[in-house]
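If you're matching positions, the sequence shown starts at 303 in the numbering used here and goes up one per residue.
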Amino acid sequence: MLVPRECCPGETRVAATPETVRRLTAKGCSLSVERGAGQASGYDDDAYRDAGAALVEAKGAGSDHWSHTDVVLAVQAAALVRGRPEFDSLPAGAVLLGLL
Numbered sequence: 303m304l305v306p307r308e309c310c311p312g313e314t315r316v317a318a319t320p321e322t323v324r325r326l327t328a329k330g331c332s333l334s335v336e337r338g339a340g341q342a343s344g345y346d347d348d349a350y351r352d353a354g355a356a357l358v359e360a361k362g363a364g365s366d367h368w369s370h371t372d373v374v375l376a377v378q379a380a381a382l383v384r385g386r387p388e389f390d391s392l393p394a395g396a397v398l399l400g401l402l
């Protein structure tokens, strides 16, 4: 699963809190969180790492995590589709969970 930084200006929510990450990893899920994803919600990267997430850089920084994920958790899903060209690199069959 991937939790990207939201791309909508003024968006302060994040699709998964560190507690959500902790619960999902306890059930065997593997989560990657883009650095800074929780910053606007008051969660720092260390909280996500401590909860069991792998921290990843944004696509522009040379990471290919979008092409290796099967589930993306996002608040502004429609904005993510329009605002992040990385969305096109998701594998066929990937699931996007978020608000439209």
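Ideal Cβ positions, reconstructed from N, Cα and C, are used throughout, including at glycine.
Residue from the options whose Cα sits closest to the Cα of residue i
i, options, result
"His370", "Pro311, Arg384, Asp346, Ala396", "Ala396"
"Leu375", "Ala339, Asp390, Asp348", "Ala339"
"Arg307", "Cys331, Leu382, Pro393, Asp348", "Leu382"
"Ser332", "His367, Asp346, Gln341, Ala342", "His367"
Inter-residue Cα distance where the pair is residue i and residue j
i, j, result
"Thr327", "Gly344", "21 Å"
"Met303", "Arg325", "13 Å"
"Leu401", "Ala355", "22 Å"
"Ala318", "Val305", "7 Å"
"Asp348", "Ala394", "32 Å"
"Gly330", "Cys310", "30 Å"
"Val323", "Arg386", "23 Å"
Beta-carbon spacing of residue i, residue j below 8 Å
i, j, result
"Pro320", "Ala360", "no"
"Leu357", "Arg337", "yes"
"Val377", "Glu313", "yes"
Distance cut-off 7 Å: residue i Cβ against heavy atoms of the ligand GDP
i, result
"Leu375", "The ligand GDP is absent from the structure shown, which contains no ligand whatsoever."
- Message: At 3 residues or longer, what runs of the beta strand (DSSP E) sit wholly inside the region 364-397?
- Response: 373-378
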